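Novice: I'd like to ask you about the structure that follows.
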Amino acid sequence: GAVVSQHPSWVICKSGTSVKIECRSLDFQATTMFWYRQFPKQSLMLMATSNEGSKATYEQGVEKDKFLINHASLTLSTLTVTSAHPEDSSFYICSAPYAGGRGDTQYFGPGTRLTVL
Amino acid sequence: QQQVKQSPQSLIVQKGGISIINCAYENTAFDYFPWYQQFPGKGPALLIAIRPDVSEKKEGRFTISFNKSAKQFSLHIMDSQPGDSATYFCAAEWSGTASKLTFGTGTRLQVTL
Chain B
530 GAVVSQHPSW VICKSGTSVK IECRSLDFQA TTMFWYRQFP KQSLMLMATS NEGSKATYEQ
590 GVEKDKFLIN HASLTLSTLT VTSAHPEDSS FYICSAPYAG GRGDTQYFGP GTRLTVL
Chain S
1414 QQQVKQSPQS LIVQKGGISI INCAYENTAF DYFPWYQQFP GKGPALLIAI RPDVSEKKEG
1474 RFTISFNKSA KQFSLHIMDS QPGDSATYFC AAEWSGTASK LTFGTGTRLQ VTL
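Line by line, the protein sequences give chains B and S.
When we follow this note's numbering, the leftmost residue of the first sequence carries the number 530, and every step to the right adds one.
When we follow this note's numbering, the leftmost residue of the second sequence carries the number 1414, and every step to the right adds one.
Next comes the structure, spelled out in structure tokens:
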């Protein structure tokens, strides 16, 4: 149990286009999901908290108009990178907390590699 | 206050040896400390986690040692294997932040034959 999937696993796009990344909790419901970005050989940086049925909460320094988040259902959150530029190239990873045992445990998706040409 | 410091940045261990990775935190409100393993091009996978009410937790070859007074915790990998070669991240969470994790900077472990 507690599987999180992402789609696509990799995407290449031209500068100026928008890219949508999906994050799904396959066998559990998640009212909250998290979006991270990770640059090569670096740690995960939290971008935003996705909340089902309400607006996402963005971390300081993250442009909410550039990284649009929609938590459409209890199993799906999407991240849209609008007007992507080469500096947006990164590894994007989502996670969802799964309640069980003594508390919530974060389970991560396999990540999406975005390359902007 | 939200920072989690992790060391070493990289580690080379011989097969069969013990790998030790250390983390330190400042925010005493943190109440959940997971370790994640990440292979290149993959998402992090939960390895083992501990809460402050215990000083040690062992699962197979992996052990977390937790020192609440020193605000430090460490991961020990016993009998390290080449398949353990990966990047390891410690993290800390405060239940009051709806499962929001603060990650350490990561340790790249290489287990040699």
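Here a beta-carbon is modelled for each residue, glycine too, at the ideal position from N, C-alpha and C.
Treat the numbers as computed from the prediction; the structure is a model and nothing was measured.
Quick check on the DSSP output: the beta strand (DSSP E) that includes B:P639 runs from which residue to which?
Specialist: Taken as a continuous stretch (DSSP letters only), B:P639 belongs to no beta strand (DSSP E), as it is neither H nor E.
Novice: Between which two residues does the beta strand (DSSP E) harbouring S:Q1427 extend?
Specialist: 1423-1427
Novice: By DSSP's criteria, S:L1459 is part of a beta bridge. Which residues make up the other side?
Specialist: S:Y1449
Novice: Is the shortest distance between the beta-carbon of S:T1441 and the beta-carbons of chain B less than 8 angstroms?
Specialist: no
Novice: First and last residue of the beta strand (DSSP E) that includes S:A1437?
Specialist: Annotation for S:A1437: the continuous beta strand (DSSP E) segment containing it runs 1432-1438.
Novice: Would you mind sorting S:G1454 into buried or exposed? The rule is 16 or more other CB atoms within 10 Å of its CB.
Specialist: It counts as exposed.
Novice: Does the Cβ-Cβ distance between S:V1467 and S:F1479 come in under 8 angstroms?
Specialist: Yes. Within cutoff.
Novice: For B:H614, count neighbouring Cβ atoms within 10 angstroms of its own Cβ and tell me buried if that reaches 16, exposed if not.
Specialist: exposed
Novice: Interface residues of chain B around S:F1502 at Cβ under 8 angstroms?
Specialist: S572, L573
Novice: What's the call for S:I1463, buried or exposed, on a 16-neighbour Cβ count within 10 Å?
Specialist: Buried, since its Cβ has 16 or more Cβ neighbours within 10 Å.
Novice: In the DSSP assignment, find the beta strand (DSSP E) that holds B:T561 and state where it starts and stops.
Specialist: Per DSSP, B:T561 belongs to the beta strand (DSSP E) from 561-567.
Novice: Could you tell me which of S:E1506, S:T1518, S:E1439 sits nearest to B:K570, measuring between CA atoms?
Specialist: When each option's Cα is compared against that of B:K570, the closest is S:T1518.
Novice: Taking all protein chains shown into account, decide if B:T604 is buried (16 or more other Cβ within 10 angstroms of its Cβ) or exposed.
Specialist: With 16 or more other Cβ atoms inside 10 Å of its own Cβ, B:T604 counts as buried.
Novice: Spell out the partners DSSP gives S:K1471 in its beta bridges.
Specialist: S:T1476
Novice: When you compare only the Cα positions, how much space is there between B:S606 and B:Q567?
Specialist: 18 angstroms
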